[in-house]
Amino acid sequence: MSQFPVELLVCTRCRGGDDPADDDVRPGARLHQRLAETGLDGVRLTPVECLSNCAQGCTIALRGPGRWTYVYGRIVAEGDLAPVIDGARKYAASTDGLVPWRERPEHFRRNCIARIPPLETS
Ligand code: FES
Numbered sequence: 565m566s567q568f569p570v571e572l573l574v575c576t577r578c579r580g581g582d583d584p585a586d587d588d589v590r591p592g593a594r595l596h597q598r599l600a601e602t603g604l605d606g607v608r609l610t611p612v613e614c615l616s617n618c619a620q621g622c623t624i625a626l627r628g629p630g631r632w633t634y635v636y637g638r639i640v641a642e643g644d645l646a647p648v649i650d651g652a653r654k655y656a657a658s659t660d661g662l663v664p665w666r667e668r669p670e671h672f673r674r675n676c677i678a679r680i681p682p683l684e685t686s
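Residue numbering for the sequence shown follows my numbering, starting at 565 and increasing by one per position.
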C-alpha cells in the first residue's frame, strides 16, 4: 500500500473560467501549486492533465484503494482552499470515501461531477 492511501488529483491544464487566460500559468496549475505549498497530511497530491471536465472550472478528484472516487469541479484557483483541504481530510478519515452529506464542504455538495465505486478486488 502507498504511504498515502488517499490521492488528490488536480488537473493542471484547466483554464478555470474565473481567471484571465493571458498569463503563462493556467488556473489549474496555480491551484496545484497552492495546494502543494499548503500541504495535505496523509494525502498524496498528484498533478494530472485533464479529467475531462474542462468546461466546469478547475477540476480535482479524490481516490484511494477500496474507496469511492469523487470528481469535483468549479474549483476557483485563486479562491479559498479551505473547502478542498477540509474535504480531502474528511475523505482521508473515512474508510470507504463516503463522507456523510452534511459533513461535506458546501462546495463539494454543490459541485460533485461524478462518483465512481471502488474497484472490487478478491
Ligand atoms: S483541462 Fe482540466 S479537466 Fe480538462
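C-beta: ideal position from N, C-alpha, C; glycine also. The structure displayed is predicted, hence computed values, not measured ones.
Could you have a look at M565 and say whether DSSP puts it in helix, strand or coil? For M565, the predicted model reports a pLDDT of 44, less than 50, meaning its position is unreliable; a value from the coordinates is still stated below. Taken through DSSP and simplified to helix, strand or coil, M565 comes out as coil.
Residues whose Cβ lies closer than 6 Å to any heavy atom of ligand 1, in chain order: Put simply, the residues with a CB less than 6 Å from any heavy atom of ligand 1 are C575, R577, C578, G592, C614, L615, S616, N617, C618, T623, in chain order.
When the distance is taken between beta carbons, is G580 closer than 7 Å to C622? Taking a C-beta distance under 7 Å as the contact criterion, C622 and G580 qualify as a contact pair.
With a Cβ-Cβ cutoff of 7 Å, do A652 and L604 count as a contact? Cβ distance < 7 Å, so A652 and L604 count as in contact.
Counting beta carbon pairs with one atom in the segment 588 to 608 and one in the segment 663 to 670, are three or more of them shorter than 8 Å? Not touching, per the Cβ criterion.
Assuming the contact rule is C-beta atoms closer than 8 Å, D660 and R631 should be a hit. Round their C-beta distance to whole Å, please. Contact flag correct, Cβ pair sits at about 5 Å.
Can you tell me which residues form a DSSP beta bridge with Y636? I624, C676, per the DSSP bridge assignment.
DSSP on L609, reduced to helix/strand/coil? L609 falls in the strand class under three-state DSSP.
Quick one: is C578 buried, meaning 16 or more other Cβ sit within 10 Å of its Cβ, or exposed? Counting Cβ neighbours within 10 Å, C578 comes out buried, since at least 16 surround it.
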